[in-house]
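Here the structure comes first, spelled out in structure tokens, and everything after it is commentary.
There are 2 protein chains.
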Amino acid sequence: MTEISKLGEFGLIEHLTKDIKIKNESTKYGVGDDCAVLHYPHSEVLITTDMLMEGVHFDLTYIDMQHLGYKSAMVNISDIFAMNGTPRQMVVSLALSKRFSIEDVEQFYSGLRMACDKWGVDVVGGDTTSSYTGLAISITCIGEAEKDKIVYRNGAKETDLICVSGDLGAAYMGLQLLEREKSVYYQQVNEARKKDDKRALEELAHFQPDFAGKEYLLQRQLQPEARGDILAKLRENNIRPTAMMDISDGLSSELMHICKQSNCGCRIYEKNIPIDYQTAVMAEELNMNVTTCALNGGEDYELLFTVPIGDHEKIEAMDGVKLIGHITRPELGQMLVTFDNNEFELKAQGWNPLR
Amino acid sequence: MTEISKLGEFGLIEHLTKDIKIKNESTKYGVGDDCAVLHYPHSEVLITTDMLMEGVHFDLTYIDMQHLGYKSAMVNISDIFAMNGTPRQMVVSLALSKRFSIEDVEQFYSGLRMACDKWGVDVVGGDTTSSYTGLAISITCIGEAEKDKIVYRNGAKETDLICVSGDLGAAYMGLQLLEREKSVYYQQVNEARKKDDKRALEELAHFQPDFAGKEYLLQRQLQPEARGDILAKLRENNIRPTAMMDISDGLSSELMHICKQSNCGCRIYEKNIPIDYQTAVMAEELNMNVTTCALNGGEDYELLFTVPIGDHEKIEAMDGVKLIGHITRPELGQMLVTFDNNEFELKAQGWNPLR
Chain F
1 MTEISKLGEF GLIEHLTKDI KIKNESTKYG VGDDCAVLHY PHSEVLITTD
51 MLMEGVHFDL TYIDMQHLGY KSAMVNISDI FAMNGTPRQM VVSLALSKRF
101 SIEDVEQFYS GLRMACDKWG VDVVGGDTTS SYTGLAISIT CIGEAEKDKI
151 VYRNGAKETD LICVSGDLGA AYMGLQLLER EKSVYYQQVN EARKKDDKRA
201 LEELAHFQPD FAGKEYLLQR QLQPEARGDI LAKLRENNIR PTAMMDISDG
251 LSSELMHICK QSNCGCRIYE KNIPIDYQTA VMAEELNMNV TTCALNGGED
301 YELLFTVPIG DHEKIEAMDG VKLIGHITRP ELGQMLVTFD NNEFELKAQG
351 WNPLR
Chain X
1 MTEISKLGEF GLIEHLTKDI KIKNESTKYG VGDDCAVLHY PHSEVLITTD
51 MLMEGVHFDL TYIDMQHLGY KSAMVNISDI FAMNGTPRQM VVSLALSKRF
101 SIEDVEQFYS GLRMACDKWG VDVVGGDTTS SYTGLAISIT CIGEAEKDKI
151 VYRNGAKETD LICVSGDLGA AYMGLQLLER EKSVYYQQVN EARKKDDKRA
201 LEELAHFQPD FAGKEYLLQR QLQPEARGDI LAKLRENNIR PTAMMDISDG
251 LSSELMHICK QSNCGCRIYE KNIPIDYQTA VMAEELNMNV TTCALNGGED
301 YELLFTVPIG DHEKIEAMDG VKLIGHITRP ELGQMLVTFD NNEFELKAQG
351 WNPLR
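First to last, the protein sequences are chains F and X.
153 is the number that full-length UniProt numbering gives to position 153 of the first sequence; each next residue is one higher, with no gaps.
225 is the number that full-length UniProt numbering gives to position 225 of the second sequence; each next residue is one higher, with no gaps.
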């Protein structure tokens with residue numbers, strides 16, 4: 001018997017799907033991008049799906065049901081944007097153990113619908129069932145796109161510019177912050193128990209985690225936003241990305257997907273990677289390298305895309321988009337140029353659910 | 001806090017979706033049928049989704065991974081047929097705990113693809129992730145249909161004839177059989193342990209459950225078939241159902257969905273409910289009422305549909321379809337007429353209409 005971790009998520013998917021032959025005219029593009037693409041006369045339909053398991057993808061001691069609903073919907077909407085599509089419909093399946101109440105499910109749905117309302121998405125169906133073991137969430141989002149406007153991962157060309165929206169690493173720092181406060185809490189509880197200090201234990205019932213000055217990190221972790229606004233700006237400026245995806249597993253890992261599928265190399269510059277002030281402060285507090293966090297942190301849900309070099313000035317003039325490097329010939333590899341002008345090969349150390 | 005069991009599955013769905021307003025032109029029909037219907041110029045797209053949790057929906061001591069893959073795909077394909085659509089694509093998400101190997105996942109996929117190949121369905125994507133607690137499966141199936149050929153649950157009219165394909169209750173009897181053999185096995189193991197009978201324990205390692213003469217029941221439980229063949233026959237005979245759904249929760253429950261959504265009553269005849277010989281024998285062995293099993297057993301994945309009374313002769317002449325009753329005015333209720341001409345009101349699940 002072979003352990004699944006041997007192949008990892010992408011290896012496993014490749015292994016399972018390598019000899020799938022497409023049978024239907026309406027199936028245009030199968031496994032291997034943010035969405036599958038279905039072709040109908042006069043419209044292309046995009047489909048993406050995500051499965052989130054309690055304990056693996058979320059921890060209900062950190063996130064409440066409403067934020068969880070919001071985030072679950074938003075990360076699927078983000079996959080539709082990542083193909084330059086417009087999200088339209090969503091089907092939602094929940095499996096719930098007995099500890100969840102109707103109020104919990106209502107909270108989840110209210111968050112989910114807040115995210116859907118933001119982008120005009122209809123909830124059209126789903127499945128609600130029971131589970132013996134915590135909460136499982138499966139969401140499928142359906143979008144629409146004009147045929148010649150869909151952006152795949154495989155369209156990057158030599159000399160194209162590499163761009164990212166927003167800033168990176170903050171969601172990961174938010175998670176570190178939540179984990180730190182949780183461990184501070186348990187440490188204090190354990191100490192009070194050891195000393196049998198009843199008063200301290202009582203006070204700990206009202207423990208307030210210290211998030212002052214780090215609100216942005218929490219927001220990025222608990223309430224990510226899909227960047228449909230960036231797509232609108234690109235359209236306004238007549239910029240059409242040659243390749244695009246959303247950053248869910250970390251910049252490094254996603255960039256390597258684009259390079260692999262576009263058969264090219266890349267060169268990005270550490271000094272250009274957009275990092276928020278709070279992210280930098282938190283990384284220093286935790287004695288972590290902030291660039292590593294931005295490269296491998298994941299859950300940013302920002303857009304990573306490439307544009308023709310001719311769009312250089314337009315991109316420079318755009319708010320909320322940063323030019324971080326360029327596409328090269330494949331034999332030049334996937335390189336990070338550091339502040340001190342050293343070069344390192346990028347490694348995908350992104351979050352691996354099957355590790 | 002309110003327990004979810006208070007509302008039940010359908011109550012919960014209704015509660016959560018009652019004030020959803022549809023925002024997109026392409027959303028034609030949302031929650032409340034076998035599939036959601038999306039409208040695109042020149043084609044309607046059907047979407048259905050199902051979530052299956054280990055321990056709740058399946059027990060891996062009864063079913064192997066290949067059959068599980070086959071069944072998971074087939075029940076989703078069945079939902080597309082239930083709207084008179086053609087299944088086209090499927091997205092598959094799996095969450096796996098560490099006890100599963102790559103070979104297990106391969107087995108699952110081989111079964112899944114067998115089912116998909118049977119009906120020309122393309123596997124176009126999905127998600128593979130980890131779980132702390134067993135196996136979770138989420139499948140979304142996408143189908144196509146011509147606008148005026150989609151059959152909803154709400155089109156049944158007074159005097160329409162009620163029909164079912166195949167026979168009912170066998171899948172439920174198959175489950176009873178599997179459970180019986182499992183308990184026989186554990187009983188023998190416990191006895192041998194009590195007596196410290198090492199030889200008996202060794203022999204029990206090669207325990208062969210007794211399924212002789214009951215192969216059909218097992219097949220119905222482990223390898224259900226979606227009834228696309230019945231749709232083809234109906235088309236050949238120029239019969240267009242007025243309402244239709246597939247029988248996953250039991251005839252009684254499904255018939256009540258059709259009556260509620262079509263605002264009508266119904267009258268079905270016990271003597272007409274199609275039951276296989278093996279189902280009847282097994283019910284007798286277990287001292288169960290076979291009609292109750294057929295009404296409430298579930299997992300048959302046969303088609304339940306209504307046709308105009310003018311199609312009476314055509315239906316009578318069709319193989320594999322049985323006429324079991326007719327649609328009435330709503331005030332006449334949903335009635336079962338027994339062998340001895342007594343009338344009982346149908347109740348969904350759990351309730352025994354025959355004492």
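Virtual Cβ for every residue (Gly too), placed ideally from N, Cα, C.
#1: Which residue's Cα is closest to the Cα of G8/F: P224/X, G250/X, K198/X, D127/X?
#2: Let me know the secondary structure DSSP gives H39/F once reduced to three states.
#3: Could you check where the alpha helix (DSSP H) with I162/X kicks off and where it finishes?
#4: The stretch 69-102 of chain X: which residues have C-beta closer than 7 Å to a C-beta of chain F, in chain order?
#5: Taking Q261/F as the reference, which of R99/F, I275/F, T242/F has the closest Cα?
#6: Looking at L217/X and G174/X, is the spacing between their C-beta atoms short of 8 Å?
#7: Less than 8 Å between CB atoms is the rule here; does T49/F satisfy it with respect to chain X?
#8: Starting from the beta carbon of M36/F, find every residue of chain X whose beta carbon is closer than 8 Å, and list them in chain order.
#9: Please determine if the stretch 148-166 of chain X and the stretch 255-269 of chain X are in contact, where contact requires at least 3 C-beta pairs separated by less than 8 Å.
#10: Taking the alpha helix (DSSP H) that V121/F belongs to, which residues open and close that run?
#11: For H326/F, list the residues DSSP reports as bridge partners.
#12: Take V45/X as the anchor and find which of G85/X, A95/X, A171/X, Q334/X has the nearest alpha-carbon.
#13: Run down chain X in chain order and give the residues with a C-beta less than 9 Å from the C-beta of V164/F.
#14: Please state if the CB of L204/X and the CB of V184/X are separated by a distance shorter than 8 Å.
#15: Rounded to whole angstroms, what is the Cα-Cα separation between N237/X and G166/F?
#16: Could you pull out every residue in the same chain whose Cβ sits closer than 7 Å to the Cβ of residue 361/X, ignoring the five residues on either side in sequence?
#17: Are the C-beta of N154/F and some C-beta of chain X separated by less than 8 Å?
#18: Measure the C-alpha to C-alpha separation of G11/F and K71/X and round it to an integer number of angstroms.
#19: Out of curiosity, what's the CA-to-CA distance linking R355/X and F339/X?
#20: Quickly, what does DSSP pair Q334/F with across the bridge? List them, please.
#21: Apart from the five residues on each side of it in sequence, which residues of its chain come closer than 8 Å, Cβ to Cβ, to M83/X?
#22: Could you work out which residues of chain X lie near I247/F, taking near to mean beta carbons separated by less than 7 Å?
#23: Determine the direct distance from the alpha carbon of D311/X to that of A317/X, and round the result to whole angstroms.
#24: Which runs of the beta strand (DSSP E), 3 residues or longer, sit entirely within the stretch 34-86 of chain F?
#25: If we ignore side chains and look at the alpha-carbon of each, how far apart do E285/F and P224/F end up?
#26: Nearest to L346/X by CA position, among Q208/X, E299/X, T291/X, is which residue?
#27: Within 8 Å of any Cβ in chain F, is that where the Cβ of I4/X sits?
#28: With a threshold of 7 Å on Cβ separation, who are the neighbours of L295/X within its own chain once the five nearest residues in sequence on each side are excluded?
#29: How far does the alpha helix (DSSP H) with T279/F in it reach, from first residue to last?
#30: Does any residue of chain X have a CB that is nearer than 8 Å to the CB of T291/F?
#31: May I have the straight-line CA-CA distance separating L68/F from R113/F, to the nearest angstrom?
#32: If you reduce the DSSP assignment to three classes, tell me which class Q89/X lands in.
#33: Once the 5 residues before and after S43/X are set aside, which same chain residues still bring their CB inside 7 Å of it?
#34: Check whether chain X comes within 8 Å of I20/F, counting only Cβ atoms and requiring the distance to be less than that.
#35: Return the chain-ordered list of same chain residues with a C-beta closer than 6 Å to the C-beta of G350/X, the five sequence neighbours on each side being excluded.
#36: From the DSSP output, which residues share a beta bridge with G143/F?
Let me lay it out:
#1: D127/X
#2: strand
#3: I162/X -> not in any alpha helix (DSSP H); beta strand (DSSP E) instead, spanning 161-165.
#4: R88, Q89, V91, S93, A95, L96, F100, S101, I102
#5: T242/F
#6: yes
#7: yes
#8: In the sequence on display, residue 36/F carries Ala and not Met. Ordered by position in chain X, the residues that pass the 8 Å Cβ test against A36/F are Q89, V91, V124, G125.
#9: yes
#10: It is not in any alpha helix (DSSP H) - V121/F carries neither H nor E in the DSSP assignment.
#11: L161/F, R267/F
#12: G85/X
#13: Ordered by position in chain X, no residue passes the 9 Å Cβ test against V164/F, which lies about 24 Å from the chain.
#14: no
#15: 60 Å
#16: Within the shown structure, residues of chain X are numbered from 1 to 355, placing residue 361/X beyond reach of any answer.
#17: no
#18: 25 Å
#19: Reliability fails at R355/X, whose pLDDT of 31 lies under 50, so the model's placement of it is uncertain and the value that follows must be treated cautiously. Approximately 14 Å, taken between the alpha carbons.
#20: C266/F
#21: D33, D34, C35, V37, L46, G143, A145, I150, V151, Y152, M244
#22: Those do not exist, as I247/F stays about 17 Å from chain X at its closest Cβ, beyond 7 Å.
#23: 10 Å
#24: 36-40, 43-53
#25: 23 Å
#26: T291/X
#27: yes
#28: G250, L251, S252, P353
#29: 277-285
#30: no
#31: 11 Å
#32: strand
#33: E144
#34: yes
#35: Low confidence applies to G350/X: its pLDDT is 42, below 50, so where it sits in the model is not reliable, and the reading given next is rough at best. Answer for G350/X: no residue qualifies.
#36: L46/F, P87/F
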